[in-house]
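Top line first, the protein sequences correspond to chains Y and R. The first sequence begins at 1 in this note's numbering and counts up one residue at a time. The second sequence begins at 1 in this note's numbering and counts up one residue at a time.
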Amino acid sequence: MIQFSEVTKRYPGGHEALSSATFSIEQGELVFLTGHSGAGKSTLLKLIAAIERPTSGVVSVNGQNVGRLPQRAIPYLRRNIGLVFQDHKLLFDRNVMENVVLPLDIAGFDRRESLKRARAVIDKVGLLNREKANPISLSGGEQQRLCIARALVSRPALLLADEPTGNLDPGYAADIMSMFRDFHQVGTTLVIATHDERAITALGGRTLHLDHGRIAEATT
Amino acid sequence: MISWLRHQKYALTAALYRLRMQPVSSLLTALAMGVAISLPGGLYLSLANLGQVAGKLPAQPEISLFLDTLASDTHRQAVATRLKQPDIAEAYFVPKDQALAALISSQGLTDIAAGLTQNPLPDAWVVRPQLSSREELARVAHDLAKLPGVAETHLDSLWAERLQAGLSIGRASVWLLAGLFAIALIAISGNAIRAQVLARRDEILVSRLIGATDRHIRRPFLYLGALQGLLGGLAAIGVLAIAGTILRQPVSHLADLYGSSFQLIPPSPLEIATVLVLTTISGWFGAWLTVTRALHQVETAH
């Protein structure tokens, strides 16, 4: 599903975040990205979602060369990818429901159908009783679950999560990780950048370790 | 097609929501637009009213028709009959004795008149045609001059031409002002939309990350611009309505003093609709001009 071949990303100023990375991820796999902060985990996820373009090498997702994708095709690529951010990137001028339904509005779904789907996914992350709440009134863990709900509402085949449990108490973190395990079990491909060693041992799966932009496969 | 409609509906809803969320700044923008548009609008209405006054003035353009001193009674009768036709609004006969008496009394020519052995003035008609356009006046005067027994006709159309010239300068100024204020409107709208785009930075960035096309992001802002324009047009009409209410009493008082029943004419529904359509288009256009640039700024700021 995802292939990196000899991918290098150098930021303006010369910092090389990723150096000749080559690996592939199959459909339905659960992959953890580990490594110290600044090792290139976020950059790798951004390259998959075409938020950044590689300096050299080929990033391909579903057979599409993402690095060479024209600007106007990028939105359609992103609609098939669910993104979970460490800082949630929620919109505080609307309630929980409106946040979750946003990707469906963007894709032009029928509003009633959208609301139904949004309600189902809000239920799945356990926020149904907070549907009308403003996200600012939610706890960190709830905000992260809301972010996950928004990433999942369009039923993407691929979910990218950047430090999804980074700011959370261990209890919440375990919650979120078990949620990810459920998605993995229904066939979603997951790539999760994390420090959380416990989660990795709990969920199993493959680990890609990054060290100063260089990739090393590790099995736990 | 259905998806397209859904996108339009979504954008309109979003635009209305944004308008509602900032009632004060929306209102101020609409007022700024309204005042700008009310200036050419007011001038246009004043001219329309002035034209109306010109049409109703007692001092209508007149044609003086002088009869041949030797004209037979048959010819005189024929002229009188011709002057009863529908293209003539009013005609009255001025016998030569009456004309002489008027001349003597008004100009103080008693001495000269005393020296006259006979009245040198001809009998005359003063004719007011139904229509007061320049062409019509000339046509009627020419027509009457050809009647047998008519020595000459004299068309007093100079003041009508001056009025026409004045009104046409006025009309040109309306278009000039309208053009200038349309530019102002576009600038006001563009500026308001730019502020909106920058204020909604987060939403734009997040929308991009979850697959929004630029067109999708741009659309609510275009609707917002159009709605602001529409509100501006409504504000302009409100300003003019208030001005009309304030002026109605003094104007009808002045008209009374002139013995006229003149009333201020309000704009027609078509004119109101035209103003609203034009302001809506200007608002949309202003938004369109700035939104792409502003979106780019949001991107680079990120």
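Glycine is no exception: its CB is placed at the ideal position from the N, C-alpha and C atoms.
Alpha carbon to alpha carbon, how far is residue 102 of chain R from residue 153 of chain R? Give it in angstroms, no decimals. Rounded to the nearest angstrom, the gap between the Cα atoms of residue 153 of chain R and residue 102 of chain R is 20 Å.
- Report yes if the C-beta distance between residue 34 of chain R and residue 235 of chain R is below 8 Å; otherwise report no. yes
Taking only beta-carbon atoms, is residue 220 of chain Y less than 8 Å away from chain R? At residue 220 of chain Y the pLDDT is 48, less than 50, meaning the model places this residue with poor confidence; the figure from the coordinates comes in the next sentence. By this cut-off, residue 220 of chain Y is not an interface position.
* Give the residues from the region 194 to 224 of chain R that approach chain Y closer than 7 Å (Cβ to any Cβ), ordered along the chain. => 202, 203, 206, 207, 209, 210, 211, 212, 213, 216
Going by the DSSP bridge assignment, what does residue 211 of chain Y pair with across the sheet? Y:214
field: residue 204 of chain R burial status per 10 Å Cβ neighbour count (16 or more: buried)
entry: buried
Cβ-Cβ distance between residue 191 of chain Y and residue 147 of chain Y below 8 Å: Annotated as distal: residue 191 of chain Y and residue 147 of chain Y, with beta-carbon spacing of 8 Å or more.
inquiry  = Please classify residue 150 of chain Y as buried or exposed, where buried requires at least 16 neighbouring CB atoms within 10 angstroms.
reply    = buried
>> Excluding the 5 residues flanking residue 243 of chain R on each side, which residues of the same chain have their C-beta closer than 7 Å to its C-beta?
In response: 42
* How many angstroms separate the CA atom of residue 140 of chain Y from the CA atom of residue 199 of chain Y? -> 18 Å
Using a cut-off of 8 Å between C-beta atoms, extract the partners of residue 7 of chain R located in chain Y.
108
Can you find a C-beta in chain R that's less than 8 Å from the C-beta of residue 76 of chain Y?
Chain R has a Cβ within less than 8 Å of the Cβ of residue 76 of chain Y.
- [ ] Starting from the beta carbon of residue 3 of chain R, find every residue of chain Y whose beta carbon is closer than 7 Å, and list them in chain order.
- [x] 108
**Request:** Within 10 angstroms of the Cβ of residue 183 of chain Y, are there 16 or more other Cβ atoms? Answer buried if so, exposed if not.
**Result:** Buried: at least 16 other Cβ atoms inside 10 Å.
- Query: What alpha helix (DSSP H) runs, 4 residues minimum, are completely inside the region 27 to 105 of chain R?
  - Reply: Qualifying alpha helix (DSSP H) stretches, in chain order: 73 to 82.
Let me check understanding here. Comparing Cα to Cα, which of Y:30, Y:25, Y:41, Y:27 lies closest to residue 17 of chain Y? Y:41
Nearest by alpha-carbon distance to residue 92 of chain R: which of R:124, R:133, R:76, R:78 is it? For residue 92 of chain R, the nearest C-alpha among the options comes from R:124.
| task | Locate the alpha helix (DSSP H) running through residue 200 of chain Y, then write down its first and last residues. | result | 197 to 203
With three or more beta-carbon pairs closer than 8 Å as the criterion, would you say the region 257 to 264 of chain R touches the region 182 to 196 of chain R? When C-beta atoms of the region 257 to 264 of chain R are compared with those of the region 182 to 196 of chain R, fewer than three pairs fall below 8 Å, so the two segments do not count as touching.
Can you check DSSP and say which residues form a bridge with residue 32 of chain Y?
Paired residues: Y:192, Y:207.
key: Contacts of residue 79 of chain Y in chain R (Cβ-Cβ under 8 Å)   = 210, 211
Exercise for review: Just mark residue 211 of chain Y as buried or exposed, buried being the case when its beta carbon has 16 or more other beta carbons within 10 Å.
Suggested key: exposed
- request: Determine the DSSP secondary structure at residue 266 of chain R, reduced to helix, strand or coil.
  value: coil
*Close beta carbons around residue 213 of chain R, own chain, < 6 Å, minus the five adjacent residues each side*: none
| task | Answer with yes or no whether the minimum CB distance from residue 87 of chain Y to chain R is below 8 Å. | result | It does not: the Cβ of residue 87 of chain Y has no partner Cβ on chain R nearer than 8 Å.
Quiz item: What's the gap between the Cα of residue 86 of chain Y and the Cα of residue 159 of chain Y?
Solution: 14 Å
#### Entry: Straight-line Cα distance separating residue 264 of chain R from residue 255 of chain R
10 Å
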